[in-house]
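Numbering (our numbering), first residue to last: 440 to 578.
Have a look at the structure below before the remarks.
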């Protein structure tokens with residue numbers, strides 16, 4: 440319609456917490472290539488991740504369980520105990536995959552658990568779905 444302003448749709452905001460720079464760089468590239476998704480930042484330790492998540496308030500955190508100092512499970516606890524981060528989705532990625540570990544993370548409050556070796560396609564698909572739903576909710 441002529442003269443109608445088009446609303447800009449903000450991208451889905453993602454934060455990555457991983458102790459390995461090559462892995463976080465790879466995840467950043469993989470996620471950024473999905474379109475409608477912006478990687479706000481990267482942290483490699485429990486403390487830096489929690490501080491950045493509280494400051495940046497991402498829509499989704501892609502979180503490794505093994506960090507340089509601290510652990511991903513403590514990041515899950517910190518995010519889930521902060522009412523200002525209620526809507527933040529937590530996606531755990533790990534090379535250590537077992538039904539028990541996966542269930543434990545979900546029980547703590549993670550929204551999903553992905554095997555870094557075999558399930559990165561599933562992770563990016565899930566992020567793309569959330570980005571599309573995020574775009575629609577802003578219409």
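Beta carbons: idealized from backbone N, C-alpha and C, even for Gly.
Small disclaimer: the values here were computed from a predicted structure and weren't measured.
CA-CA distance, residue i and residue j?
{"i": "residue 532", "j": "residue 552", "result": "6 Å"}
{"i": "residue 519", "j": "residue 488", "result": "14 Å"}
{"i": "residue 511", "j": "residue 505", "result": "6 Å"}
{"i": "residue 448", "j": "residue 502", "result": "25 Å"}
Which residues does DSSP pair with residue i in a beta bridge?
{"i": "residue 477", "result": "452"}
{"i": "residue 551", "result": "530"}
{"i": "residue 482", "result": "456"}
{"i": "residue 499", "result": "453 and 528"}
Which residues mark the beginning and the end of the alpha helix (DSSP H) in which residue i is found?
{"i": "residue 504", "result": "Looking at the DSSP string, residue 504 is not in any alpha helix (DSSP H), and its letter there is neither H nor E."}
{"i": "residue 514", "result": "511 to 519"}
Checking contacts by CB at 9 Å: is residue i closer than that to chain D?
{"i": "residue 519", "result": "Chain labels in this structure do not include chain D; a single protein chain is all it has."}
For residue i, name the three-state secondary structure that DSSP assigns.
{"i": "residue 542", "result": "helix"}
{"i": "residue 533", "result": "strand"}
{"i": "residue 556", "result": "coil"}
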